[in-house]
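Structure record follows, encoded as structure tokens.
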Amino acid sequence: MDYTPLEGNEEVPLATCTAAASKPKADVRWIKGSLEGKVREELKETQHANGTTTTWSTLLGKPGREMNGQLVKCVISSEAMKEEILETNIQVHYSPGEVKVTERSTDSFECETEANPNATFTWTRAGQSLPESIRVEGGVLQFPSKNNDLSGLYQCEAGNRFGSTTSYVFVRFSSESCVFYWVLFGLFVLLVAVVVGLMYFGRSGKFSEW
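Remember, the numbering used here sits 9 above the position in the sequence shown when you count from 1.
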């Protein structure tokens, strides 16, 4: 049995392996791989009237995003059967992490993050509606035309059902180049970004990262 817990600090079941109605009873153990030392095993047995035994072994741990996708193997063995190895990948749900905005080309920017389930992206323009000439495809913001009217502060929000994270990018168009600035999270940083953007507004060919 597989579980998909939400990232957190409480110990929860991550995966359960079952050896049903075995006689003699089966031995169930885990090969934990990169999760060795981060999870523990809990064993339960039930004896049936017909002399068989069902054994459950559950992996328990504090679900972190670094566990997501990690491979573990359940090994079932007994005197009456050939050793069986069952593989599963641990699944952990978590909200979007840091949102990164990168320049894909001279006229487009891409918003990326890690999340499970995958995040959806929403681009908006600070204080204004998004111009109709701008194209948005998933996490990609594209400027088919370049003019000063499109210069400004743009916001990318990455979200899934467990939360959202936002990043900002300041874009300035000139006749020859596109100048943009990384801006990080939160309202305070947004205010700082606006001030810095105004300070640099008269410059061209400048890239600054915080």
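Even for Gly, the Cβ is constructed at its ideal location relative to N, Cα and C.
None of these values were measured; they are calculated from a predicted model.
Continuous alpha helix (DSSP H) assignments of at least 4 residues falling wholly in the segment 91-126
none
What three-state label does DSSP hand Ser66 in the structure shown?
By one-based count along the sequence shown, residue 66 stands at place 57. In this structure, Ser66 counts as strand in the three-state DSSP scheme.
Where Pro304 falls, given that 16 or more other Cβ within 10 Å makes a residue buried:
Here the chain comprises residues numbered 10 to 219, so residue 304 is not present and cannot be evaluated.
Please state if the CB of Gly42 and the CB of Leu80 are separated by a distance shorter than 9 Å.
Here residue 80 refers to the residue found at position 71 when the sequence shown is read from its first residue. Here residue 42 refers to the residue found at position 33 when the sequence shown is read from its first residue. It is a contact, given that the beta carbons lie within the stated cut-off.
Does the segment 108-127 come close enough to the segment 87-94 that 3 or more CB-CB pairs lie under 8 Å?
no
Can you tell me whether Thr111 is buried or exposed, with buried defined as 16 or more other CB within 10 angstroms of its CB?
Counting from one through the sequence shown, the residue named residue 111 turns up at place 102. Label assigned to Thr111: exposed.
Give me the Cα-Cα distance between Gly60 and Ala24, rounded to the nearest whole angstrom.
As a position in the sequence shown, residue 60 is number 51, starting the count at 1. As a position in the sequence shown, residue 24 is number 15, starting the count at 1. So the alpha carbons of these two residues sit roughly 27 Å apart.
Of the listed residues Arg113, Glu107 and Asn157, nearest to Thr174 (C-alpha basis):
Within the sequence shown, the letter at position 165 stands for residue 174. Ranking the options by Cα distance to Thr174, first place goes to Glu107.
Round the Cβ separation of Asn18 and Pro105 to the nearest angstrom and send it over; I've been treating them as touching at under 8 Å.
For the purposes of this step, residue 18 is taken as the residue at position 9 of the sequence shown. For the purposes of this step, residue 105 is taken as the residue at position 96 of the sequence shown. In fact, because the Cβ distance is near 19 Å, the residues do not count as touching under 8 Å.
Mind pulling the beta strand (DSSP E) runs of 3 or more residues that sit fully within the segment 123-157?
129-134, 144-146 and 149-151
Alpha carbon of Ser117 to alpha carbon of Ala135, nearest angstrom:
Taking the first residue of the sequence shown as 1, we reach residue 117 at position 108. Taking the first residue of the sequence shown as 1, we reach residue 135 at position 126. Using only the alpha carbons, I get a separation of about 18 Å.
For Leu162, decide whether its Cβ has a neighbour in chain D, counting only Cβ atoms nearer than 9 Å.
In the structure shown, chain D does not exist; there is a single protein chain.
Near Gly78, what residues of its chain come up, given a Cβ to Cβ distance below 6 Å and the 5 sequence neighbours on each side ignored?
Position 69 of the sequence shown, counted from the start, is the residue given in the question as residue 78. Result list for Gly78: Asn98, in chain order.
Could you tell me which of Thr27, Val149 and Asn157 sits nearest to Glu96, measuring between CA atoms?
In the sequence shown, the residue the question calls residue 96 occupies position 87. Of the listed residues, the one whose Cα sits closest to Glu96 is Thr27.
Do you know how far the Cα of Pro126 is from the Cα of Ala29?
In the sequence shown, counting from the first residue as 1, residue 29 sits at position 20. In the sequence shown, counting from the first residue as 1, residue 126 sits at position 117. The alpha-carbon atoms of Ala29 and Pro126 are separated by roughly 32 Å.
Taking DSSP as the reference, what is the three-state secondary structure of Gly42?
The residue you call residue 42 lines up with position 33 of the sequence shown. Gly42: helix per DSSP, three-state reduction.
Would you please state the rounded distance, in angstroms, between the beta carbons of Ser160 and Arg181? I believe it to be under 8 Å.
Counting from 1 along the sequence shown, the entry for residue 160 is found at position 151. Counting from 1 along the sequence shown, the entry for residue 181 is found at position 172. Yes, they are in contact, since the Cβ atoms of Ser160 and Arg181 sit about 4 Å apart, within 8 Å.
List the endpoints of the continuous beta strand (DSSP E) containing Pro22.
Taking the first residue of the sequence shown as position 1, residue 22 is located at position 13. First-last of the beta strand (DSSP E) with Pro22: Val21 to Ser31.
Report the three-state DSSP secondary structure of Glu16 (helix, strand or coil).
For the purposes of this step, residue 16 is identified with residue 7 of the sequence shown, where counting begins at 1. Coil, per DSSP.
Separation of Gly73 from Tyr190, as counted between CA atoms:
Translated into the one-based positions of the sequence shown, residue 190 becomes position 181. Translated into the one-based positions of the sequence shown, residue 73 becomes position 64. Any answer about Tyr190 is weak, because its pLDDT of 46 lies below 50 and its placement is not dependable; what the coordinates show is given next. Their Cα atoms are separated by approximately 32 Å.
By how many angstroms is the C-alpha of Tyr103 removed from the C-alpha of Trp39?
Position 30 of the sequence shown, counting from 1, holds the residue named residue 39. Position 94 of the sequence shown, counting from 1, holds the residue named residue 103. Rounded to whole angstroms, Trp39 to Tyr103 spans 25 Å at the Cα level.
I think Glu166 touches Thr131, with their Cβ atoms under 8 Å apart; what is that distance to the nearest whole Å?
What you label residue 166 is simply residue 157 of the sequence shown in a count that begins at 1. What you label residue 131 is simply residue 122 of the sequence shown in a count that begins at 1. About 5 Å; that satisfies the 8 Å criterion.
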